[in-house]
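Q: Numbering of the sequence shown is given in my numbering, commencing with residue 752 and proceeding in unit increments.
Ideal Cβ placement from N, Cα and C applies to all residues, glycine included.
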Amino acid sequence: MNNTEQQALFIIFGGTGDLAQRKLYPSLFNLYKRGYLKNHFAVIGTARRPWTDEHYHEVIKESIADLSDDEEKANDFASHFYYQSHNVNDTNHYVTLRDLADKLDEKYGLCGNRLYYLAMSPRFFGTICEHLKTQEIITKNGYNRVVVEKPFGHDYESAKALDDEIGSVFPERDVFRIDHYLGKEMVQNILAVRFGNSMFNAMWNNRYISNIQITLSEALGVEERAGYYETSGALRDMVQNHILQIVTLLTMNAPVSYSAEDISREKINALKSLKVYNADEVKKNFVRGQYGSDAGLKAYRDEDQVASDSMTETFVAGKLAVENMDFAGVPIYIRTGKRMKEKATRIDVVFKQMPVVVFKDSCLKSDVLTINVDPEPGISIQLNTKKVGQNFDTESIDIGYSLSDEQKAEMPEAYERLILNALRGETMNFARWDELSYSWKFLDSIRKAWDDEDLSVDAFPNYACKTMGPKASDELLEKDGNHWEF
Ligand code: NAD
């Protein structure tokens, strides 16, 4: 075994599901192709359907078809997969699962290392964890780590109850709560840009930054997730997790070292500094929206499984206040929604205008640092320079860096990176419970203010498909003399 090869048994609960097929199996295959998984790994997929191992192998090969033109490699990879039909509520099934797990441990030399991936509804997490313990699937000789998917609760109370259930079996260091945005290359790059450059480090505060803008826009509607989305909405689906994690990385103080513990401490401090709004402040600082129909595209209320008078928000914009020394007074504008103009994840850090304009009649623009997370990872800086020519005029230019094709090919997909992190026991790119508890408390205040507000059914829809959301989202910035850069 070489240094990079990992040895572990994966037990994937929800092995027939969409997440497993679209994300987990391709990610495992990429880890296999890159040599992180070789001979010493096995996967047990469990779910309700009565599949055979042979059928499971076909499903695995189908899910990695785009990633491989080497049939032998694909076959060899699939041969590490075992299927067990399983109802999570049936204790007997855990006995069979343990026997299979122990057999595979011996066959592949896995030293008792187990990674339990809960790729199914969170309402089953408690039952599964409890059975893993009582039926002694958890080993004594290796590591036992649990990976859980979002949504992690629907408010603080439910998140706490879920965490208590998981925590009664797994210690915090072995709980890996997935927020796949933390696995994205350019999200990870935020810390490199901030703490790797004295230029930005020196300017990363309220003396120089005018405002920060974060946009996570989606072009698609709710598609087949409408049933879930009706109970979630954009606030819970995108703001509580992905957006707040990005806010945290942008506003935290420098960690003492690049270690999970030191980074998490600073992230928690940043979240603690986030102003929790009262109802009036929510009204002033948050905008919600819902998409209407447009040129052949259905309105949200016309989607399957959506009530015709649904008040679920498919768009949120907000102005956040991080009340620490460096960020007091810097508005953090956030925005996310469905059926927007394009799919993009982008961060704009807008620096203050020069206090004095030396050049007469010049209209200097703000310097802007843009971090493009998706779809084209890259970084650009907008600067003022002299316009070429005899006269002294200024113009704004963009200096850009984008990933080459080779870099993109090398760039691991978010799930691939996070699975490897979990195998290595690296907790840095996962949401810790303390982080979640602060983010839920922040979110609950907004949700409560909205739920208590008697919003007329005619308030929605309030934005057309293929736009950047309702007018009120632009007005939120205009009130402060700002505008969305994107
Ligand atoms: P899915 O409905 O496609 O799959 C659910 C899986 O759970 C299936 O394998 C099903 O057989 C299994 N299952 C359900 N009830 C069972 C029971 N009683 N006993 C045994 N197995 C049972 O769902 P999904 O889209 O794969 O999502 C799984 C989880 O991941 C959900 O919590 C979801 O919110 C989360 N998630 C999914 C995505 C995604 O892209 N699909 C993204 C982020 C988070």
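For the region 1078 to 1091 and the region 986 to 998, state whether three or more C-beta atom pairs, one from each stretch, are separated by less than 8 Å.
A: With a cut-off of 8 Å, the region 986 to 998 and the region 1078 to 1091 count as touching, because enough Cβ pairs lie within range.
Q: Is it the case that the CB of H882 approaches a heavy atom of the ligand NAD more closely than 7 Å?
A: What you label residue 882 is simply residue 131 of the sequence shown in a count that begins at 1. Outside the cutoff, so no.
Q: Can you give me the Cβ contacts of D829 inside the same chain, cut-off strictly under 7 Å, excluding the 5 residues immediately before and after it?
A: The residue you call residue 829 lines up with position 78 of the sequence shown. Going by the sequence as given, residue 829 is Ala instead of Asp. These residues qualify, in order along the chain: H808, I811, K812.
Q: By DSSP, does L1169 sit in helix, in strand, or in coil?
A: Sequence index remark: in the sequence shown, residue 1169 carries index 418 (1-based). Three-state result, L1169: helix.
Q: Would you say the region 853 to 871 touches the region 788 to 797, given that touching needs at least three Cβ pairs under 8 Å?
A: Enough Cβ pairs lie closer than 8 Å, so yes.
Q: Using the DSSP secondary-structure output, state which residues sit across from Q964 in a beta bridge.
A: As a position in the sequence shown, residue 964 is number 213, starting the count at 1. Its beta-bridge partners are Y1084, D1099.
Q: Let me know the beta strand (DSSP E) ranges lying completely inside the region 859 to 889, each 3 residues or longer, listed in chain order.
A: Correct list: 865 to 869.
Q: Taking only heavy atoms of the ligand NAD into account, decide whether any of them is closer than 7 Å to the Cβ of P777.
A: By 1-based counting over the sequence shown, the position of residue 777 is 26. It does not: the Cβ of P777 is nowhere closer than 7 Å to a heavy atom of the ligand NAD.
Q: Check for me: the alpha helix (DSSP H) holding F828 runs from which residue to which?
A: By 1-based counting over the sequence shown, the position of residue 828 is 77. It spans 822 to 829 - the alpha helix (DSSP H) in which F828 sits, taken as one unbroken run.
Q: Here's a check: name, in chain order, each residue in its chain whose Cβ is nearer than 8 Å to the Cβ of E916, leaving out the five neighbours to either side.
A: For the purposes of this step, residue 916 is identified with residue 165 of the sequence shown, where counting begins at 1. F876, G877, C880, E881, listed in sequence order.
Q: Let me check understanding here. Comparing Cα to Cα, which of N956, L1000, D1045, L855 lies closest to M1076?
A: In the sequence shown, counting from the first residue as 1, residue 1076 sits at position 325. With distances taken between Cα atoms, M1076 lies closest to N956.
Q: For M1105, count the other beta carbons within 10 Å of its own beta carbon; 16 or more makes it buried, fewer makes it exposed. Which is it?
A: Against the sequence shown, residue 1105 aligns to sequence position 354. Looking at its Cβ environment, which holds fewer than 16 other Cβ atoms inside 10 Å, M1105 is exposed.
Q: Taking D1053 as the reference, which of P1212, F1237, E1229, K1026 has the closest Cα?
A: Mapped onto the sequence shown, residue 1053 falls at position 302. Nearest option by C-alpha distance: P1212.
Q: When the Cα atoms are used, what is the spatial distance from A1046 to A1021?
A: To locate residue 1046, count along the sequence shown from 1; it is residue 295. To locate residue 1021, count along the sequence shown from 1; it is residue 270. If I take the Cα positions, the gap works out to 43 Å.
Q: Look at T797 and G766 and say whether their C-beta atoms are less than 8 Å apart.
A: On the sequence shown, residue 797 is found 46 positions in, with the first residue counted as 1. On the sequence shown, residue 766 is found 15 positions in, with the first residue counted as 1. Closer than 8 Å, so yes.
Q: Where does the unbroken beta strand (DSSP E) through V898 begin, and where does it stop?
A: Position 147 of the sequence shown holds residue 898. It spans 895 to 899 - the beta strand (DSSP E) in which V898 sits, taken as one unbroken run.
Q: Does the distance between the C-beta of T769 and the nearest non-hydrogen atom of the ligand NAD fall short of 7 Å?
A: The count along the sequence shown starts at 1 and reaches residue 769 at position 18. The question names Thr, yet the displayed sequence has Asp at residue 769. Result yes, Cβ under 7 Å from the ligand NAD.
Q: What would DSSP say about T1178, mapped onto helix, strand or coil?
A: If you number the sequence shown from 1, residue 1178 lands on position 427. It is coil, neither helix nor strand.
Q: To which residues does DSSP link R928 through a beta bridge?
A: If you number the sequence shown from 1, residue 928 lands on position 177. Note: R928 sits in a beta bridge opposite V899.
Q: Report all residues from its chain with a CB closer than 7 Å to the CB of W1191; omit the five preceding and five following residues, and keep chain order.
A: Position 440 of the sequence shown, counted from the start, is the residue given in the question as residue 1191. Excluding residues within five positions, the ones whose Cβ falls inside 7 Å are G904, D906, Y907, A910, Q991.
Q: Is the beta carbon of H931 less than 8 Å from the beta carbon of Y1166?
A: In the sequence shown, the residue the question calls residue 931 occupies position 180. In the sequence shown, the residue the question calls residue 1166 occupies position 415. Yes, these two residues count as a Cβ contact at 8 Å.
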